[in-house]
Amino acid sequence: MSTKNFRPFNLKKTIRPGETIIQSLLFVAGVLSIMITITLVYELGKEALLFFNNPDVTLAKFFGTTEWQPGIGKYGIWPLVTSTLITSFIAMLIALPLGLAAALYLSEYASPKVRSILKPILEILAGIPTVVYGFFALLFVTPILQSIMGKDNISVYNMLSAGLVMGIMILPLISSMSEDAFSAVPRPLREGAYAMGATKLETSLQVVLPAALSGIGAAVILGISRAIGETMIVAVAAGSGPNFTLNPFEAAETMTGNIARISGGDLSYGSIDYTSLFAIALMLFLVTLVLNLISQYVVQRFREQYE
Amino acid sequence: MNPNKNHFPEGDAFRRELNGRYRSATIGEVLFLSALLIAVISLTALLYNIVDGAFGYTAYEYKVDPSTITSKPLNELTQPELVEVLKANISKGAYNKLNNEQAMETRSQADLLSLVLERIIRIDTKAVWSLSDSLFHKTEIEAEVAEKYPDAKLEFRTWLTMNFITAPMSSRAEFAGARTAILGSLWLVGIAVLFALPIGVGAAVYLQEYAPKNLFTRIIQTNINNLAGVPSIVYGMLGLALFVRVLEPLTSGSIFGVTDSNGRTVFAAGLTMGVLVLPLIIINAQEAIKAVPDSLRQAAYGVGATRWQTIWHHVLPNSVAGILTGTILSISRAIGETAPLIVVGASTFITVDPDGLFSKFTALPIQIFNWTTRAQPEFHAIAASAIIVLMVLLLSLNATAILLRNRFQRRL
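Those protein sequences? They're chains B and D, same order as listed. Per this note's numbering, the very first residue in the first sequence carries number 1; after that it's consecutive. Per this note's numbering, the very first residue in the second sequence carries number 308; after that it's consecutive.
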């Protein structure tokens, strides 16, 4: 055999331009999400800065007064903040105990068959558009509240109804995250409790629940973040017009509700109304961002605990 | 179980305590189950509330007596007769406008009848009752109508009809339809998917197959998870600032020679929706790609395939069902989103269907919001009907996703 035509393999890395181009395109797609965040922060920050740079707006007014009407020179953010906190608080008051109880039942008690029936119901609740929840709050829950408490004691638009329905909306989130936390608790822990003669309730409440506490914490934080950012339920049912009150039976506009109402009207670019919306949106973004980061951190640490 | 309690009861005391513990265990289980029951009841109440609103008696009066227009009962008029009635009773300009929208001869009898009712006879709804009231309190309703509105007709009305789905918007709830809104929603979702799917899958492939395990990759991953948790209304603000305002030449189409629009177009809103669902699509696609067994990749590398060949011929075909499932779920999220659309400037009243990227638009959830917040009960009835349309749309999307998932699971 002649060796004249033999060419040894070239073991050097072949340069393939096609591969490189594709890889760079994919890299760009991956980095785009960072670009989105940067643009988001930049745009929100730029307009919010315009708002705060307005000589009329001072931080003392922003945090020190209790009326919000940027169009006529009233810059106190508190009425929007209190109503956001009240609706979120009511929502968590509903969602946390119900979500935890539902999760405990699904993970500790339910047979696979019962679970396969009940779990999809929670998933359906999670998939319903929030504007539909708003319809439900305004046209079902509010009339019921009015007939219980009397029409004079509770207004047509009120924070209670919005908060209650928001609680039902957040319930599936809390329950599915807590269920994940419960199922991550190792079986031997439960078996140890049973071996000592503990009942199922005692095991659930005194062994499983404490062991999953960080996961529940993460769920609660994420739930609060969701409640603060929720728009349509409060826009429909909580009322329009900022109102500085702690009374849940009254109408009061939340931060998100204010953005929705003002931006839905005629809005000229650069006006104080326009920039004020970005100031609110920036606050929303930062608050939810911090909450989400804490929640993710807690979940990650909690995973490491048992793995 | 209490570690501080340092007593060991015996005999009867032991049995009593044990029974007490068993009792509280039972009570606990019942309480936990009742939380789920509350969820079930809430869902039932919500669905009941919607269906209850979409059907029921309405009392209405005619502003113009039909007998002054035609001798026959309205329902018996034929298609050409109805055209004649329209021609004779509305202004020439209005007739021509209607004719231009759709030629009279091609319109159906039902369509023409509702035109006659809307333009000439002009229904004036006096009262609306829910389905449950209509079923259980029929006599009270009849008595009330006879007393309060002696001239009114009482009729059981199904608000959700074929006509409701196919008719354009109207300022009168009795004739309003959801066609413009449904088409708007479809346009939005289409644009959002065309924008987000390629980028989302690309990003997922990069993160799963190419990205080195370093700080930068971790930042990208954390960032995507965070973007998924940003409130949707904040995305709306991004859309308003970026797509509607800064990129106005692009989104209004003025660089393409379109002159009759500002930035508040279906294109800008669709892009906003695309940005909103992008993190969801990336996360879902990553999960799908993660589920492809490594042995497949190694086999491909083993026969000398390049990285991209491996991805294109083996990884993607095996994860396509998962990616599609995730995409459909993201679509169902997008289709129900309302807040960002309000912010980027959806029109609440528009009778023209979207006909291109640069047209004004409305969407189903926007109409639901708009109709729900109106004071008149007849608008609540069409809001309920629109909700049913939206929920059916969502249900069929989710059913498709579940079917896909099952099929996918069987194959692997």
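Think of the CB as a built atom: it goes at the ideal place given N, C-alpha and C, for glycine as much as any other residue.
Check: Short-range partners of chain B found in the segment 453-469 of chain D, where Cβ spacing is below 9 Å; Outcome: none
Check: Simplified DSSP state of residue 270 of chain B, which is helix, strand or coil; Outcome: coil
Check: Residues near residue 133 of chain B in its chain [Cβ-Cβ closer than 8 Å; skip 5 each side]; Outcome: 165, 166, 168, 169, 232, 233
Check: Contact list for residue 569 of chain D against chain B, beta-carbon separation under 7 Å; Outcome: The premise fails here: residue 569 of chain D is roughly 11 Å from chain B at the closest Cβ pair, so nothing lies under 7 Å.
Check: Nearest-angstrom Cα separation, counted from residue 230 of chain B out to residue 246 of chain B; Outcome: 19 Å
Check: The segment 40-55 of chain B contacting the segment 271-285 of chain B, beta-carbon criterion three pairs below 8 Å; Outcome: yes
Check: Reference residue 56 of chain B, options B:226, B:15, B:67, B:75, closest by Cα; Outcome: B:75
Check: Local Cβ density within 10 Å of residue 683 of chain D, reported as buried at 16 or more and exposed below that; Outcome: exposed
Check: Residue 435 of chain D - DSSP class collapsed to helix/strand/coil; Outcome: strand
Check: Interface flag, residue 689 of chain D vs chain B, CB-CB below 8 Å; Outcome: no
Check: Boundaries (first-last residue) of the alpha helix (DSSP H) holding residue 201 of chain B; Outcome: 200-203
Check: Option in B:299, B:34, B:281 with minimal Cα separation from residue 77 of chain B; Outcome: B:281
Check: Close beta carbons around residue 644 of chain D, own chain, < 8 Å, minus the five adjacent residues each side; Outcome: 539, 580, 583, 672
Check: Euclidean distance between Cα positions of residue 635 of chain D and residue 138 of chain B; Outcome: 30 Å
Check: Proximity test, Cβ basis, 8 Å: residue 241 of chain B and chain D; Outcome: no
Check: Contact check, residue 346 of chain D vs residue 201 of chain B, beta carbons under 8 Å; Outcome: no
Check: Closest Cα partner of residue 82 of chain B within the set B:106, B:250, B:118, B:122; Outcome: B:250
Check: Segment limits, alpha helix (DSSP H) that includes residue 481 of chain D; Outcome: Note, residue 481 of chain D: premise wrong, no alpha helix (DSSP H); not H, not E.
Check: Minimum Cβ-Cβ distance from residue 188 of chain B to chain D less than 8 Å; Outcome: no
Check: Reference residue 459 of chain D, options D:449, D:517, D:467, closest by Cα; Outcome: D:449
Check: Beta-carbon neighbours of residue 16 of chain B, restricted to chain D and to distances below 9 Å; Outcome: 613, 615
Check: Under 8 Å between C-beta atoms of residue 428 of chain D and residue 371 of chain D; Outcome: yes
Check: Cβ-based neighbour list, residue 488 of chain D, same chain, cut-off 8 Å, excluding 5 preceding and 5 following; Outcome: 476, 669, 670, 671, 673, 674, 693
Check: Cβ pair residue 500 of chain D, residue 638 of chain D closer than 8 Å; Outcome: yes
Check: Contact list for the segment 337-370 of chain D against chain B, Cβ threshold 8 Å; Outcome: 338, 339, 340, 341, 342, 343, 345, 346, 347, 349, 350, 352, 353, 356, 357, 360
Check: DSSP-derived helix/strand/coil call for residue 386 of chain D; Outcome: helix
Check: Delimiting residues of the beta strand (DSSP E) encompassing residue 667 of chain D; Outcome: Per DSSP, residue 667 of chain D belongs to no beta strand (DSSP E) and is neither H nor E.
Check: For residue 465 of chain D, the first and last residue of its enclosing alpha helix (DSSP H); Outcome: Unbroken run through residue 465 of chain D is the beta strand (DSSP E), 460-465; no alpha helix (DSSP H).
Check: CB contact below 8 Å: residue 1 of chain B versus chain D; Outcome: In this prediction, residue 1 of chain B has a pLDDT of 48, which is less than 50 and means its spatial position is unreliable; nothing more can be read from the coordinates.
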